[in-house]
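Please read the structure below before turning to the comments.
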Amino acid sequence: MNERLVHIQVLTWATLVETIRRKDLYVVWFLAVFGMGAGAMLAGSGVRGIETFLRDITLTVVNFLSTVICIWLAARQIPEELSRRTLFPLLARPVRRFDVLLGKFVAVWLLSTGALLVLSGIAWLNLAMFKAAIGPIFWQFVALRALSFGPIAAMTIALSLVLTPAATVVLSGLLTFSATVFARSMAATVDGLTGVGQWAMKALYFLLPHLDLFDLSQRTAFNYPPIPAAVMGMLALYALLYVGIFLGLGELRFRRMAV
Amino acid sequence: MNDRLRTRFQFSALVGCLLLLGASGNALGQYVRPNAPGDGELNGAGWEGRRLLAQLLWVKTHAVLHAGVEERDARPGEAQSRAGEFHQHGGASEPEPETAEPGHDEHGHDEHGEEGHVFVIPPAREDFRGALGDLERAVKPYAGTDGKLYSKDSSQTLPFYRLMTWVDPHFIQGYTIGSTFINKVGKETGPAIQFLLEGERFNPDSFEIQTELGHLYLVYQHDYAAAEKHLRRAIALLPRRTLTELEDETRIDAYRWLALNYVQWEKPAEAVRFARETRAQCGPDATLDHIIQRQGKK
């Protein structure tokens, strides 16, 4: 068990170092400064009631860029190892395929969370600069976003084992960014159906991950009070459940994959 | 110059350019904002995109006005079952100064259409999703158990009106409703009038903007001559085609405000004459009847 933990730790560290070396994250942080700065331009024009607008824009930038980082990092891990032919020598060692998958997943989650923390820091400074600071719910927003990277990264890694990298990015992006639209459309369809059709649609609704539940940006933009700790706990369990499901599905595919 | 130094120089130059661009944002706005183009220049994909963006911002103001709570049209039966969700906009019930006649419906806030709307997220009793529904109600903006919204600060919509009219300066509702929120019971009538005058510059044929200008001059500035000028112009600009429900409300408002303007201006004979003319032309109206009855006695 200890040996496996060492393997996962080494794989995670190698992935972290490789990603930091590529400097992709700096570009995203730079984009964040530019995006938030553009939104803040309106504050300089003397328009009253700018606080909600600024918070909305800033949190949207944080949400979007951090999720893009997570999907982008997750989508390229295994395909790059395959294309560079580095996966075969890796698996020639006494390392389980699931451990490789888990190491990659942990690295992607850590990197995405690190990038999120930097983006959140930039957002906090930007909002404080324009006197649109937010209450403690902001940290819940950050925590839930970090939690959401679990299912998103696991789902993307699993998809990258069956799809091309481009298709993985597009599909994961659609499922993540359109989560609210999908969920609401399905819920509305359930109301319009009867019998077996309704039952099937309900089953589909409960099967799919509802990633929009991890998005507190709107409550944060309007400075609502923090949400109860029990809700945070339930969402953490929900995230863990889908991480397990997606990594399990990924492992099933990866085990049979020719490297 | 070695490679590293050159890269640093290029990076610094790029950052400098971006900072310059950011600092001069307001000045650049003068160039980004279009001059009033003729109708022929309003075609094309660029303008379609701007119209779409303005519409999106318009929809967004609705959510902002309700502290982020999203609404949709009620389906048959929902208006009764979810009656607890109905509420008023922030400021919708704000009292008008003495000029407003009893029973007159201040149009500004109602144009988003409150009637027959329910929350997108259903209440627990109508939600098949159980715990997932509870989670959504906890993490998304939602009304309290009493049906009231967390915050209703209508001034937070102002940047959206500002942006939507920059994006599409021919979005007339952006100007008329935006000015109502800027004014907010006479608190900032000057900037509200400036906003409408900007709208007038881009939309010289808009009777809606003229009506709103007349309303502000009459009710909040007590500048009856200016009010008369704009309300007369609004009536002259009324289109001959069939008006939409919203346009028809504004048309009636233009007549009512002009009659009320003469009352406030202490020109009772003019008020009665105009009210009678309008009544003969447009049919019975409670406000005009009231003016004829009260001013006629004077």
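As they're listed, the protein sequences go chains A and B. Take the position in the first sequence, starting the count at 1, then add 531; the result is the number in the working numbering. Take the position in the second sequence, starting the count at 1, then add 31; the result is the number in the working numbering. Heads up, the beta-carbon is just placed ideally off N, CA and C, and yes, glycines get one too.
Item                                                                                                                                                                        : Value
Tyr286 of chain B: buried (16+ other C-beta within 10 angstroms of its C-beta) or exposed?                                                                                  : buried
What residues from the stretch 650-667 of chain A come within 7 Å of chain B, judged by C-beta to C-beta, listed N to C?                                                    : none
Of the choices A:Leu604, A:Met567, A:Arg615, A:Val762, whose alpha-carbon is the least far from that of Lys554 of chain A?                                                  : A:Leu604
Please report how far the alpha carbon of Leu36 of chain B lies from the alpha carbon of Ile551 of chain A, in whole angstroms.                                             : 22 Å
Under three-state DSSP, which class holds Arg615 of chain A?                                                                                                                : coil
So, using beta-carbon positions, are Ile152 of chain B and Lys183 of chain B closer together than 8 Å?                                                                      : no
Using a Cβ-Cβ cutoff of less than 7 Å, which residues in the same chain neighbour Tyr333 of chain B once the five nearest sequence positions on both sides are dropped?     : Chain B is shown only over 32 to 329; residue 333 of chain B falls outside these bounds and no answer can be derived.
Taking DSSP as the reference, what is the three-state secondary structure of His201 of chain B?                                                                             : coil
Could you please tell me which residues of the stretch 541-574 of chain A, in chain order, have their CB closer than 7 Å to any CB of chain B?                              : Phe565, Gly568, Met572, Leu573
To test your reading of the DSSP string, which unbroken alpha helix (DSSP H) runs of 4 or more residues are found completely within the stretch 539-586 of chain A?         : 555-571
Looking at the C-beta of Thr188 of chain B, does it have a partner C-beta in chain A at a distance below 8 Å?                                                               : yes
By Cβ distance, which residues of its chain are closer than 6 Å to His246 of chain B, with the 5 residues on each side in sequence left out?                                : Trp288
Just the Cα atoms here: how many angstroms apart are Asp199 of chain B and Leu228 of chain B?                                                                               : 15 Å
Would you tell me roughly how many angstroms separate the C-alpha atoms of Gly645 of chain A and His97 of chain B, rounded to the nearest one?                              : 34 Å
Could you tell me whether the Cβ of Tyr755 of chain A comes closer than 8 Å to any Cβ of chain B?                                                                           : yes
Could you tell me how far apart the beta carbons of Ala685 of chain A and Leu778 of chain A are, in whole angstroms, since I believe they sit closer than 8 Å?              : 5 Å
Would you list, in chain order, the members of the stretch 764-782 of chain A that have their beta-carbon closer than 9 Å to a beta-carbon of chain B?                      : Met765, Leu766, Tyr769
I want to know whether the stretch 647-654 of chain A touches the stretch 724-731 of chain A - three or more CB-CB distances under 8 Å.                                     : no
Rounded to a whole number of angstroms, what is the C-alpha to C-alpha distance between Gly47 of chain B and Phe40 of chain B?                                              : 10 Å
With H, G and I counted as helix, E and B as strand and the rest as coil, what does DSSP make of Phe713 of chain A?                                                         : helix
May I ask you to list the residues that DSSP assigns as paired with Arg786 of chain A?                                                                                      : In the DSSP output, where bridge partners are listed per residue, Arg786 of chain A has none listed.
With contact counted as at least three CB pairs below 8 Å, one residue from each stretch, are the stretch 629-636 of chain A and the stretch 714-722 of chain A in contact? : no
Kindly indicate if chain A contains any beta-carbon less than 8 Å away from that of Phe191 of chain B.                                                                      : yes
What does the alpha-carbon distance come out to for the pair Tyr181 of chain B and Tyr173 of chain B?                                                                       : 8 Å
Quick one: is Ser716 of chain A buried, meaning 16 or more other Cβ sit within 10 Å of its Cβ, or exposed?                                                                  : exposed
Taking only beta-carbon positions, decide if Arg37 of chain B is within less than 8 Å of chain A.                                                                           : no
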